[in-house]
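Numbering (the UniProt record's numbering), first residue to last: 1 to 147. Glycine included, each C-beta is placed from N, C-alpha and C at the ideal position.
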């Protein structure tokens with residue numbers, strides 16, 4: 001994951017400014033973190049744009065990580081997303097990205113192999129101390145083989 005994290009920090013200036021880090025990846029879930037300090041708003045809690053960016057990049061990184069595991073060279077894009085801000089985030093940021101319920105990597109990779117392009121739905125949450133989400137993102141990502 002160090003290579004992917006370096007790729008993100010080198011290629012996405014916003015990720016560098018936010019001080020994003022990949023904390024964990026188990027093949028199905030990718031956890032990304034960022035300190036609160038560079039992502040703070042005027043109220044002293046996490047800036048909504050930082051939360052949205054963290055969750056979007058975490059989902060993107062999950063797709064990228066799975067593609068890299070297979071040796072696939074693809075461009076990955078977010079096609080659409082919906083963000084919900086449910087409660088203020090007063091601590092360091094943590095986002096947990098995974099496939100959306102009901103989605104599967106099997107048809108994603110079968111379509112990618114057949115057409116050179118595939119899409120899947122993902123979800124990401126910023127968990128609170130009590131386990132309830134403080135923010136969430138539902139998004140569709142597309143992978144397209146590079147020519």
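Of the candidates 49, 71 and 80, the residue whose Cα lies closest to the Cα of residue 60 is 80. Residue 59 sits in a helix when the DSSP states are folded into three classes. Residues of the same chain with a CB within less than 7 Å of the CB of residue 96, apart from the 5 flanking positions on each side, are 29, 31, 124, 125 and 127 in chain order. With contacts defined by Cβ atoms closer than 8 Å, residue 99 and residue 120 form a contacting pair. Around the C-beta of residue 104, fewer than 16 other C-beta atoms lie within 10 Å, and the residue is accordingly described as exposed. In the DSSP annotation of this structure, the continuous segment of the beta strand (DSSP E) that includes residue 22 starts and ends at 21-25.
Residue 74 is bridged by DSSP to 145. Residue pairing from DSSP places residue 32 in a beta bridge opposite 22 and 95. Cβ neighbours of residue 22 within its own chain (closer than 7 Å, five residues either side excluded): 1, 4, 5, 30, 32 and 61.
For residue 127, the enclosing beta strand (DSSP E) stretches over residues 117-127.
Excluding its 5 nearest sequence neighbours in each direction, residue 94 has C-beta neighbours in its own chain below 6 Å: 33, listed in chain order.
For residue 100, no alpha helix (DSSP H) segment is defined, and its DSSP state is neither H nor E. Within the same chain, 33, 34, 35 and 36 come within 8 Å of residue 92 by CB-CB distance, once the 5 residues on both sides are set aside. Taking residue 72 as reference, the option from 24, 122, 110 and 14 with the minimal CA-CA separation is 110. Around the beta carbon of residue 56, 16 or more other beta carbons sit within 10 angstroms, so the residue counts as buried.
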